[in-house]
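Structure first, then comments.
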Amino acid sequence: MRLSRYYVPTLKEDPAEAEVVSHKLLMRAGMIRKLTSGIYTYLPLGLRALNKVADILRQEMNRAGAVEILMPSVQPGDLWRETGRWEFYGKELLRFKDRHDRDYCLGPTHEEVVTDLVRGEIKSYKQLPVNLYQIQTKFRDEIRPRFGLMRGREFVMKDAYSFDKDEAGAEASYRAMFEAYTKAFLRLGLKFRAVQADSGAIGGDFSHEFMVLAETGEDTIAVCRDPKCGFAANLEKAKVRKPQAECACNAACPALESVATPGVHTVEELCAFLKIEPKAVVKTLLFDADGKAVAALVRGDRQLNEVKFKNLLKCNDLKLADESQVRAWTNAPVGFAGPVGLKVEAVYADHELCCATDWVAGANAADAHVRHLSLGRDAKIAAFADLRVIEPTDPCPECTGPIDFTKGIEVGHVFKLGLKYSKSMQAKFLDENGKEQLMIMGCYGIGVSRIVASAIEQNHDDKGAIFPPSIAPFEVTLLSLGAKEPEVLDKAAELYAELQKMGVDVLYDDRDERPGVKFNDADLMGFPMQLVLGGKGLKAGIIEAKNRKTGERKELPLAGFAAAFAAWRKDIWQGWGLE
RNA sequence: CGGGGCGUGGCGCAGCCUGGUAGCGCGCCAGCUUUGGGAGCUGGAUGCCGGAGGUUCAAAUCCUCCCGCCCCGACCA
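What follows is the structure, encoded as structure tokens:
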């Protein structure tokens, strides 16, 4: 492609609306433009990157035995009523009516559609397993779209759905996808990590997220420092090891006593007021769990992991109690809840609280706390369990070694669905014994457009984006300097044709622009390889080659250019860990 | 939905407090010069100042309502 005839509206300045680096650079490099909040047009360069990512995913999915289809983005509401999600999904599901007043929605995901498809066609175990995938535009009416392609409302996703006849098959399907994802992310040239994720009611280790590692990531993951251990999990999922210490619930403790603490609402204020450490405090959090009042206790310096608590309770909806509930259950305003005399159905405690006694906690009375609290003596604990969020100083839950916290961007998720959809939608087949069985499902998503953004978040400098060669909009850019020198232009045109003949994606910057403009645009757009032909080089019989990632420059001979370029190209790919 | 901010040529912004009919930088067009890291000079084009009402002799500026966008929070298969 010749840049003079292409469509790449670059910007010199950061657009005011962009906050994160990928958004700024995608806009500045002329790769995307916003149509409205969370909805973007892909301009030629952005589309090329998107397509390269999609191609790699497609190849790896096909290789893993998945089969590509394309489902509609408009879906009938009745299908969603079958699974109960029409009611359950909430406002993220964009709903509308057609002229006949029938309900429709824009698909945020395709479990219903694919299950409907399969249940109509697959009747025998002989037709299983099957894994259907698509690469398609999804729509989720996010509460607050932000960060450009990172969290848009409309985005491109690769989603796959597997159907198996038994557990062993479902596990094999899951593993096949896990491996396909690993291969795909390696080919994308991104530093990533597969981490354990919460699998909700399904349980087991059947959910992993694929995180692209980047300082600017929104998610934090816990990773074991020992690569041999390999533990990695997102914070929601990461287990905290049960403390080794003896149970101290019934250890000796002075008598419970109430202390006046006027106006002291938070753990911080309480510690300042009583001159104690947060770890001497029991923090009491009140929740409405499917309409039941429950409490969770964690140490004052810890954070409750709501996902763990929700999983423990096996409830559908867990909401922090509102002010009126707090008043009703504690006889006090917010800030004075404690385990003693609390009017809730059950109190659960983090297992760490079992290791000590003589706590400070709320008194369930306005402006009062209690001290010398013994959970064994003074409170009724339904269960001790792992309820808190892991911290960087915690030991690895698997090998007890040290762990690190790292930032990442979730770009993929593999998930075992089990019977959830096949049951509600009656996706059945006849097994070897002629007995009706429900299909076991799995679903596997990758955010294609988000990968483009995360590639930039992971790889950029103050000049612009730095794309891995496997997903760069063009692998190479060729710059001709000296617009008035016909010899340079002729030679550049010749090299451009030669590169194309070699099957290289090349963008030829043939514009009548000053060198500085071309250099800066090339850096901004982030092509991994830059070839610069100028008058001096031409006379000397060389062309300059710059590695965008390292900044390293080389001179390639014009005589025998093809071979020299091929060798350099190989180096560049290897520098990215690619081939 | 709650809190905050912003809407002024294509982009980034000033002007608004203290009303008098719009300005700067970049970009764009033309000419000359320039040509290895975002050139210089000269000349030019481009604005329903987000929209609708209102106040006023007069509104980008003051008042009311609406719309859009961004940030923080709640939310997130």
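All residue numbers for the first sequence refer to this note's numbering, where the first residue is 846 and numbers rise by one.
Each residue gets a CB set at the ideal place from its N, CA and C atoms; glycine is no exception.
Here Pro1088 carries a coil assignment [DSSP, helix/strand/coil].
Between the stretch 1177 to 1191 and the stretch 1103 to 1118 there are three or more inter-stretch CB-CB distances shorter than 8 Å, so the stretches are counted as touching. With respect to Gly1287, Ser969 sits apart: the two C-beta atoms are not nearer than 8 Å. Within the same chain, Ser918, Val919, Leu939 and Phe984 come within 7 Å of Leu951 by CB-CB distance, once the 5 residues on both sides are set aside. Taking 8 Å as the upper bound for CB-CB distance, Leu994 and Leu871 are in contact here, some 6 Å apart. Here Trp1204 is bridged, per DSSP, to Leu1218. By the beta-carbon neighbour count (other beta carbons within 10 angstroms, threshold 16), Pro1373 is buried.
With contacts defined as CB atoms closer than 8 Å, Leu1232 and Leu1149 qualify as a contacting pair.
Pairing Gln1375 with Leu1324 gives a Cβ-Cβ distance under 8 Å. The beta carbon of Arg878 lies closer than 7 Å to those of Tyr885, Thr886 and Leu888 in the same chain, with the five residues before and after it left out. Less than 8 Å divides the Cβ of Leu1220 from the Cβ of Ala1194. In the structure shown, Lys1261 falls within a strand segment according to DSSP collapsed to helix, strand and coil. For Asn1156, the three-state secondary structure derived from DSSP is helix. When only Cα atoms are considered, Arg991 and Gln1271 end up about 38 Å apart. Sorting Gln981, Leu924 and Tyr949 by C-alpha distance to the C-alpha of Glu957 places Leu924 at the top. Counting the other Cβ atoms within 10 Å of the Cβ of Thr1322 gives 16 or more, which makes it buried. Within the stretch 1115 to 1196, complete alpha helix (DSSP H) segments of at least 4 residues are found at 1151 to 1158 and 1168 to 1175, given in chain order. DSSP, reduced to helix, strand and coil, places Glu864 outside both helices and strands of the structure shown, so it counts as coil.
Annotation: Phe1410 is outside any beta strand (DSSP E); the continuous alpha helix (DSSP H) that includes it extends over Phe1406 to Gly1420. For the pair of segments examined, the stretch 1323 to 1340 was found to touch the stretch 1377 to 1386: the number of CB pairs separated by less than 8 Å reaches three. Under the 8 Å Cβ criterion, the stretch 1343 to 1360 counts as touching the stretch 1399 to 1418, having at least three qualifying pairs.
Pairing Lys1153 with Val1189, the inter-Cα distance amounts to about 19 Å. As a beta-bridge residue in DSSP terms, Lys942 pairs with Asp948. Annotated three-state conformation of Met1056 is strand, per DSSP. Here DSSP, grouped into helix, strand and coil, assigns Thr1027 to helix. Assigned with DSSP and collapsed to three states, Ala1042 falls in coil, not helix or strand. Short of 8 Å from the beta carbon of Leu880, and not among the five residues preceding or following it, lie these beta carbons of its own chain, in chain order: Thr886. A distance below 7 Å between beta-carbons, with the five flanking residues on each side excluded, links Asp1009 to the following residues of its chain, in chain order: Leu973, Pro974, Ala1015, Ser1018, Met1284 and Ile1285.
Secondary structure of Cys1069 (DSSP, three-state): strand. With respect to Glu1302, Glu1054 sits apart: the two C-beta atoms are not nearer than 8 Å.
By the C-beta density criterion, Lys1415 is exposed, having fewer than 16 other C-beta atoms within 10 angstroms.
With a beta-carbon spacing of about 7 Å, Trp1204 and Ala1125 fall inside the 8 Å limit used to define contacts.
Per the coordinates, the alpha-carbon of Cys1098 lies some 13 Å from the alpha-carbon of Cys1200. Between the C-alpha atoms of Cys1094 and Ala1230 there is a straight-line separation of about 14 Å.
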